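To keep things clear, I will list the structure first and then write my remarks on it.
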Amino acid sequence: MPNQPPPPPHAVPEPEDRDYLLKRADQHRRQGERCDDASKSLHARFQRLYEDRAAALPPTDH
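Just so we're aligned, residue 0 is where the sequence shown starts under numbering that gives the first Met the number 0, counting upward by one.
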């Protein structure tokens, strides 16, 4: 068989992934509450990014 690249990984999101992302978003929200204005905007951006990534995960069947 000639040199062929391996197939791309097929990752199935775990429920823990969403929990982790939401936990990180909350951490940035809390850190932003204790910072100066420049840092607040940075933490707010990270919070939104983590929340958006969590929202983009497919729903889980619980």
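Ideal Cβ positions, reconstructed from N, Cα and C, are used throughout, including at glycine.
Keep in mind it's a predicted model, so treat the numbers as computed, not measured.
Around the C-beta of L56, fewer than 16 other C-beta atoms lie within 10 Å, and the residue is accordingly described as exposed. For L56, the secondary structure class from DSSP, reduced to helix, strand or coil, is coil.
From the listed residues P14, S38, E50 and H42, the smallest Cα separation to H27 is found for H42. C34 has its alpha-carbon roughly 23 Å from the corresponding atom of D51.
In this structure, the beta-carbon distance from K22 to G31 does not fall below 8 Å. Each residue's CA atom was taken as its position, placing R47 and A24 some 7 Å apart.
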